[in-house]
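First the structure, in the form of structure tokens, and then the observations on it.
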Amino acid sequence: MEKGIPEDDPRNAAVIADFVGDNVGDVAGMGADLFESYVDSIIATMALCMMAFTATMLNPLVPNTETAYFLPMMVAAGGIIASIIGVFLVRVGEKPEMGALLNALRRGTFSASILAAVFAFLAVYFLKADIGVFWAILAGLVAGVLIGESTNYFTSYAYSPTKRVSQSSQTGSATTITSGFANGLMSTFPPVILVAVAILIAYHFAGMYGVAIAGIGMLSTLGITD
């Protein structure tokens with residue numbers, strides 16, 4: 006660091022390189038990874054449709070193969086529109102506190118999720134699919150929202166897990182590492198349980214097709230939750 010130059014000053018070449026790396030890895034890289042996961046879930050659901058119809062497994066759920074193929078794309082499209090609307094609903098003041106920021110993000114996420122559920126219901130209704138397919142989508146969507154809330158709880162400084170890690174640093178680096186590692190292990194428990202419950206609900210209402218399309222429901226609001 007050059008003398009007299011602030012930490013993030015653009016006159017420092019290392020700062021420019023650091024920002025480029027952050028944008029490539031954290032923005033472009035994460036976006037590409039999430040996009041790949043989303044598209045893969047859609048393709049997997051459509052591929053499952055072909056095999057399921059061959060085995061006459063989807064006949065009680067959807068009237069024809071076109072509906073089974075088209076429904077995942079309709080759910081994804083509705084999620085994109087809902088995410089765009091949700092982004093515009095995120096509003097904070099000029100000097101927001103952490104709690105206000107979290108509430109604003111939560112408002113946008115919940116609004117997008119509700120709109121995505123409405124779009125999914127309309128898609129199921131107009132494509133004349135079984136209502137069980139909608140419940141499977143809703144199970145995935147709710148699980149996705151709750152997983153986001155769980156992640157927020159374990160990583161935001163507004164809640165006790167992160168504060169406990171911060172307080173443990175007063176007694177040395179060993180306790181900080183141990184506390185952080187313990188919280189990290191605990192943070193994996195809610196998502197695992199939520200995914201398992203969503204799978205069971207989706208399978209109950211729509212079989213394997215429900216499990217596949219529940220994954221699309223879970224990812225449908227990636228535009229605002231990533």
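Numbering (the numbering used here), first residue to last: 6 to 231.
Don't be surprised by glycine CBs; every beta carbon is placed ideally from N, CA and C.
If you draw a straight line from the Cα of Ala52 to the Cα of Asn157, it is about 34 angstroms long.
Look at Asp14 here: in three-state DSSP terms it is coil, with no helix or strand label.
Taking a cut-off of 8 angstroms on C-beta distances, the stretch 117-129 touches the stretch 143-151, as three or more cross pairs fall below it. Distance between Thr230 and Thr167, taken at the CA atoms: about 21 angstroms. Each residue's CA atom was taken as its position, placing Arg112 and Pro195 some 22 angstroms apart. Excluding the 5 residues flanking it on each side, Val200 has same chain C-beta neighbours closer than 7 angstroms at Ala148, in chain order. One alpha carbon belongs to Cys54, the other to Leu205, and they sit about 19 angstroms apart. C-alpha of Thr160 to C-alpha of Thr183: approximately 16 angstroms in a straight line.
Between Phe210 and Ala141 the beta-carbon gap is near 5 angstroms, inside 8 angstroms, which marks them as a contact. For Lys168, the secondary structure class from DSSP, reduced to helix, strand or coil, is helix.
For Val150, the enclosing alpha helix (DSSP H) covers residues 136-160.
Nearest to Met223 by alpha-carbon distance, out of Ile47, Val29, Val32, Ala19, is Ile47. With the rule of 3 Cβ pairs closer than 8 angstroms, the stretch 77-88 counts as touching the stretch 124-140.
Counting along the chain, Asn188 sits inside the alpha helix (DSSP H) bounded by residues 178-192. Counting along the chain, the unbroken alpha helix (DSSP H) around Ala122 starts and ends at 103-131.
Where Ser88 is concerned, the enclosing alpha helix (DSSP H) starts and stops at 70-93.
The DSSP-derived three-state label of Gly98 is coil.
With a cutoff of 8 angstroms on beta-carbon distance, Ser225 and Ala109 are scored as not near each other. The beta carbon of Thr176 sits closer than 8 angstroms to none of the beta carbons in its chain outside the five residues before and after it. In this structure, Gly215 and Val138 form a Cβ contact; the two beta carbons are roughly 6 angstroms apart against a cut-off of 8 angstroms. Assignment of Ala49 by DSSP, reduced to helix, strand and coil, places it in the helix class.
Setting aside the 5 residues that flank it on each side, Ser192 is surrounded in the same chain by Phe159, each with a C-beta closer than 6 angstroms to its C-beta; the list follows chain order.
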